[in-house]
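Residue numbers (our numbering): 171 to 244.
Accompanying notes for the structure given below.
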Amino acid sequence: MARKGKVVIDRELCKGCCLCVRACPVKVLEKETTPNSQGSYPSIPARPENCVACGNCYQVCPDVCIEVYELEAS
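And the structure:
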């Protein structure tokens with residue numbers, strides 16, 4: 171059974187570098203179209219159902235604003 175995960179991004183800390191978007195092997199993340207209070211366009215989990223909890227996004231984030239959780243199999 172494939173792993174399932176959940177990505178949580180603090181949109182106020184994210185500066186919109188998109189390193190996480192490029193690091194995601196299953197295309198969960200994309201850049202938001204609405205800026206945060208700093209004027210940056212943060213990454214968002216646009217397709218959260220695809221997350222496999224690999225942690226690539228967490229590992230490449232220079233702002234430490236991403237958390238990845240592995241969900242229990244149902």
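Beta carbons: idealized from backbone N, C-alpha and C, even for Gly.
Residue GLU182 holds the alpha-carbon nearest to the alpha-carbon of ILE236 among ALA172, GLU182, GLU242, ARG173.
Just measuring C-alpha positions, the residue of GLU219, ALA172, THR203, VAL230 sitting nearest VAL191 is VAL230. Its chain contains ALA172, ARG173, LYS174, GLY175, PRO195, VAL196 as the residues whose beta carbon lies nearer than 8 Å to that of VAL222, once the 5 sequence neighbours on both sides are disregarded; these appear in chain order. Inter-residue distance for GLU202 and GLY225 is about 20 Å (C-alpha atoms, whole angstroms). Assignment of GLU182 by DSSP, reduced to helix, strand and coil, places it in the coil class.
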